[in-house]
Amino acid sequence: MKIESDELSAGTGGRTATYDRIGVGYRQIRRPDPRLAALIAGGLGDARTVVNVGAGAGSYEPEDREVTAVEPSRVMLDQHPGTRKVRAVAQELPFVDGAFDAAMAVMTVHHWPDPARGLAELRRVSRRQAVFTWDPAHATELWLFEEYLPEIGKADRSAFTPLSVVTGALDAHTVLPFPVPHDFTDGFRAAFWRRPESYLDPAVRGASSTLARRPASAVEPGIARLRADLRSGAWQRRHAGLLERESVDYGYRLVLAGS
Numbered sequence: 015m016k017i018e019s020d021e022l023s024a025g026t027g028g029r030t031a032t033y034d035r036i037g038v039g040y041r042q043i044r045r046p047d048p049r050l051a052a053l054i055a056g057g058l059g060d061a062r063t064v065v066n067v068g069a070g071a072g073s074y075e076p077e078d079r080e081v082t083a084v085e086p087s088r089v090m091l092d093q094h095p096g097t098r099k100v101r102a103v104a105q106e107l108p109f110v111d112g113a114f115d116a117a118m119a120v121m122t123v124h125h126w127p128d129p130a131r132g133l134a135e136l137r138r139v140s141r142r143q144a145v146f147t148w149d150p151a152h153a154t155e156l157w158l159f160e161e162y163l164p165e166i167g168k169a170d171r172s173a174f175t176p177l178s179v180v181t182g183a184l185d186a187h188t189v190l191p192f193p194v195p196h197d198f199t200d201g202f203r204a205a206f207w208r209r210p211e212s213y214l215d216p217a218v219r220g221a222s223s224t225l226a227r228r229p230a231s232a233v234e235p236g237i238a239r240l241r242a243d244l245r246s247g248a249w250q251r252r253h254a255g256l257l258e259r260e261s262v263d264y265g266y267r268l269v270l271a272g273s
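Below you can see the structure in the form of structure tokens.
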């Protein structure tokens, strides 16, 4: 299958995609990390044709395979460098059964209105699935939410799709942990756990759906407290142990299914 145009709009139903609002400048902050890229590429196995559902700007799409990007947001598709781009939603993929060797989805399932249906669609159009997600039931919480933005952290855990739903809908056979390295380049939720000053940057917060979707009144007071703690050295004293670690398991998982 080869789709040359990014003008096809299938199944969006007139919805306004979240990333039409927060996706501007996304590629500058959300730079793919080679360690996660290697994990995902390994999870795709021997697949030659891949559909990337919720593709965003194309992070983690393997360059040595034929990839079709599916994304509902025009803003994100405009930042995607590929030529095979389809504007559609996960729960209504415009492809025939078994159209691809593999399907991938990276940090996107929690944005889908019907995750179970979307995951079923991944299984329908591919023989193998690789889904990278976050387990909201994981015990270790990022200090940013535990200490400075607890209400946002609580809401985020409620909003994310439970790992059990993802594994169950896919009939997954493997779940691989991904501890976040201290120098991780992809600026998602927990990327800057050892670089706390990064969260003071509005551009960094704007590239994280967890923070960008919240009003300034819910975010700025916590960020102001973080700024004060960094200036006084309170954060450094409280988290001296973190500054010595190379990586932390914050609950990110690669879920594999199919063959």
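Per this note's numbering, the sequence shown runs over residues 15 to 273. Just so you know, even glycine gets a beta-carbon here, dropped at the ideal spot from N, CA and C.
Residues bridged to residue i (per DSSP)
i	result
Trp148	Tyr266
Leu190	Leu268
Ser261	Pro195
Arg142	Ala116, Gly272
Segment limits, alpha helix (DSSP H) that includes residue i
i	result
Ala102	Segment 99–102 is the beta strand (DSSP E) holding Ala102; no alpha helix (DSSP H) there.
Val67	That residue, Val67, is in no alpha helix (DSSP H); its beta strand (DSSP E) goes 63–67.
Ser87	Here Ser87 belongs to no alpha helix (DSSP H), and DSSP marks it neither H nor E.
Ala130	129–139
Ser73	Ser73 -> no alpha helix (DSSP H), and no H or E assigned at all.
Leu158	Unbroken run through Leu158: none, as it is neither H nor E.
Glu165	164–173
Ser178	177–184
Backbone secondary structure at residue i - three-state DSSP
i	result
Thr82	strand
Asp115	strand
Val38	Confidence at Val38 is low in this model, with a pLDDT of 49, below 50, so its placement is unreliable and no value can be given for it.
Arg45	coil
Arg227	coil
Asp200	strand
Arg2	One cannot answer for residue 2 here, as it falls past the ends of the chain, which runs 15 to 273.
Pro216	helix
Trp249	helix
Asp60	coil
Pro235	helix
His94	coil
Ala55	helix
Ala242	helix
Val123	helix
Leu256	helix
Leu50	helix
Reference residue i; option with closest CA among the options
i	options	result
Ala183	Glu135, Asp197, Arg227, Ala169	Glu135
Pro191	Leu91, Gln93, Arg267, Val67	Arg267
Arg209	Ser222, Pro195, Ala221	Pro195
Ala61	Met118, Arg227, Gly255, Glu165	Met118
Met90	Thr82, Arg101, Glu161, Glu80	Arg101
His187	Gly272, Glu75, Tyr74	Gly272
Gly70	Leu53, Gln93, Ala104, Arg49	Gln93
Leu257	Val139, Asp115, Trp157, Arg131	Trp157
Pro48	Asp200, Gly68, Pro164	Asp200
Leu53	Pro193, Tyr213, Ala83, Gln250	Pro193
Thr224	Pro95, Phe198, Pro164	Pro164
Buried versus exposed call for residue i [16 or more other C-beta atoms within 10 Å across all chains shown]
i	result
Arg44	buried
Ser172	exposed
Glu85	buried
Leu270	buried
Glu168	Note that residue 168 is Lys in the sequence shown here, rather than Glu. Lys168 comes out exposed.
Asp112	The sequence given here places Gly at residue 112; Asp does not occur at that position. Gly112 comes out exposed.
Pro129	buried
Asp78	exposed
Gln250	exposed
Gly8	As shown, the chain starts at 15 and ends at 273. That puts residue 8 outside it, with no answer to give.
Gly57	buried
Gly274	Residue 274 cannot be examined here, being either before or after the span of the chain that is shown, 15 to 273.
Gly255	exposed
Glu211	exposed
Chain C within 8 Å of residue i, Cβ atoms only
i	result
Val218	Absent from the structure: chain C. Only one protein chain is present.
Cβ-heavy atom distance, residue i to the ligand MN, below 7 Å
i	result
Leu156	Annotation note on the ligand MN: not contained in the displayed structure, which lists no ligands.
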